[in-house]
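Peer 1: Below: one structure in C-alpha cells.
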C-alpha cells in the first residue's frame with residue numbers, strides 16, 4: 001500500500017511542475033511560407049469544389065425513379 005501511495009504523490013508533484021511551467025511558444029512562420037501554404041490549400045479547395053460541382057451536374061441529369 002505504501003508503494004502505491006508514494007507513486008501517487010510523485011504523479012501529483014509532476015502535475016504541479018507541469019502546471020507552473022510556461023507554455024511553449026509557437027514557432028514563427030515566415031510570410032513566404034504562409035503564402036505558399038495558402039496557395040496550395042486554395043488550389044486543393046478549388047479541386048474539391050469542382051469535383052463536387054461536376055458530380056452534381058452529372059447526377060442532375062439522371063432521372064429519379066418513383
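In full-length UniProt numbering, the protein residues as written are 1 to 66.
Note that beta-carbon positions come from the ideal geometry of N, C-alpha and C, so glycine has one too.
Mapping DSSP to helix, strand and coil, what is residue 7?
Peer 2: To locate residue 7, count along the chain shown from 1; it is residue 7. With a pLDDT of 49 at residue 7, under the threshold of 50, the predicted position of this residue should be treated as unreliable, and no value is reported.
Peer 1: What's the C-alpha gap between residue 41 and residue 34?
Peer 2: Counting from one through the chain shown, the residue named residue 41 turns up at place 41. Counting from one through the chain shown, the residue named residue 34 turns up at place 34. The straight-line gap separating the alpha-carbon atoms of residue 41 and residue 34 is approximately 10 Å.
Peer 1: Near residue 32, which residues of its chain fall below 6 Å by C-beta distance, leaving aside the five closest residues on each side in sequence?
Peer 2: Here the question's residue 32 lines up with position 32 in the chain shown. Result list for residue 32: empty, nothing under 6 Å.
Peer 1: Tell me the residue span of the alpha helix (DSSP H) that contains residue 52.
Peer 2: Residue mapping note: residue 52 aligns to position 52 of the chain shown, counting from 1. Start and end: 31-59.
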